[in-house]
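Reviewing the structure listed below.
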């Protein structure tokens, strides 16, 4: 899938989590028979993904505590009684809360979480349920790899952990199956995205689970330029009070040419890969417009800052106040008027 994409970085990782191994001599283009399926669960204003490959399962996040029964029911529907990897991307309730339901409904082999914890009842419940199965919580490091069925999972972040910024302690992982790849980002924000890029990791992926429910504080233009996703999945709640997904992020995804799927509009999202191609489907509203631009000409317009003489894309997070804006109909028009391009949105 990525052969014709713009990003062709290549890295090799040999660090392993305890009990894990890298497949011997398996070429990326030769995925084992069968398919890899990724379920992006509709858990409202929260996050949860179930990955099934080669008879093995990984659950990334479990929504809020109130979603525990939903998670358990979904596992039962998919006939999952054993989870090889259960991942808590970070200690916020909307990611770790429902993992207790998974730990009650299935036997778990490995539990992964950042070192940074939260002094909350739901996080303590998560830890206690893991301990009840005799599980020690593992803290993966950037560069660790492990296998899931016929796929390979690379841990890309966090690079550093700040206890005061739980979102930026998120475990970020890239899953590769044959020639296809999926990126899972938790709630990683701009700082963690930049840390991962600075470390030189290959973040290119066919499917991006958009960070932090589509918040403007994640999914920068610089990040998207490296990921270059064909598909983007946003997990957010219908009519949520945060305004997720933000128009700024939707605009960035339009600029990147990604086809957007949204749990708030389309329910559960399922992506299936045979190792060479990916099919993404929604459980409802399959033909709804998930990322419609407000005007057909929005992408051809640029906005300048009268004070700094910098010009931006319309969806840039660094746009000036309305009173300081000037509009240009083209990039050449902005440059000929003495304005320089923004370093963040790279117009």
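Numbering (this note's numbering), first residue to last: 85 to 431.
Using N, Cα and C, we set each Cβ at its ideal position, and we do this for glycine too.
Given the structure is predicted, the values throughout are model-derived calculations rather than measurements.
Between the CA atoms of residue j and residue i - distance to the nearest angstrom
i           : j           : result
residue 178 : residue 149 : 8 Å
residue 348 : residue 376 : 15 Å
residue 245 : residue 267 : 20 Å
residue 131 : residue 314 : 21 Å
residue 431 : residue 407 : 21 Å
residue 165 : residue 262 : 26 Å
residue 404 : residue 411 : 12 Å
residue 428 : residue 309 : 11 Å
residue 193 : residue 398 : 47 Å
residue 415 : residue 312 : 22 Å
residue 240 : residue 284 : 10 Å
residue 417 : residue 258 : 40 Å
residue 133 : residue 426 : 35 Å
residue 216 : residue 324 : 35 Å
residue 110 : residue 190 : Any reading at residue 110 must be qualified, since the residue scores a pLDDT of 33, below 50, and its modelled position is unreliable; no value is offered.
Where the beta strand (DSSP E) containing residue i begins and where it ends
i           : result
residue 212 : Careful: residue 212 lies outside any beta strand (DSSP E), inside the alpha helix (DSSP H) at 205-216.
residue 168 : 166-171
residue 158 : Taken as a continuous stretch (DSSP letters only), residue 158 belongs to no beta strand (DSSP E), being part of the alpha helix (DSSP H) at 152-161.
residue 120 : 120-124
residue 409 : 409-412
DSSP bridge partner residues for residue i (one or two, in chain order)
i           : result
residue 194 : 169
residue 141 : 136
residue 425 : 395
residue 222 : 196
Proximity below 7 Å, CB of residue i to CB of residue j
i           : j           : result
residue 221 : residue 182 : no
residue 296 : residue 271 : yes
residue 174 : residue 250 : yes
residue 186 : residue 146 : yes
residue 331 : residue 401 : no
residue 328 : residue 320 : yes
residue 350 : residue 340 : no
residue 305 : residue 346 : no
residue 322 : residue 344 : no
residue 432 : residue 138 : Beyond the ends of the chain as shown, which are 85 and 431, falls residue 432; an answer cannot be given.
residue 184 : residue 213 : yes
residue 253 : residue 242 : yes
residue 357 : residue 264 : yes
residue 333 : residue 298 : yes
residue 247 : residue 200 : yes
Alpha helix (DSSP H) segment containing residue i, residue limits
i           : result
residue 179 : 177-180
residue 187 : 183-189
residue 415 : 415-420
Complete runs of the alpha helix (DSSP H) confined to the segment 340-400 [at least 4 residues]: Fully contained in the segment 340-400 are the following alpha helix (DSSP H) runs of length 4 or more, in chain order: 347-350.
Within the segment 229-280, ranges of the beta strand (DSSP E) (whole runs, at least 3 residues): 235-241, 256-261, 264-268
Only counting runs of 3 or more residues, tell me where the beta strand (DSSP E) segments fall wholly within the segment 285-340, in order along the chain. 291-293, 315-318
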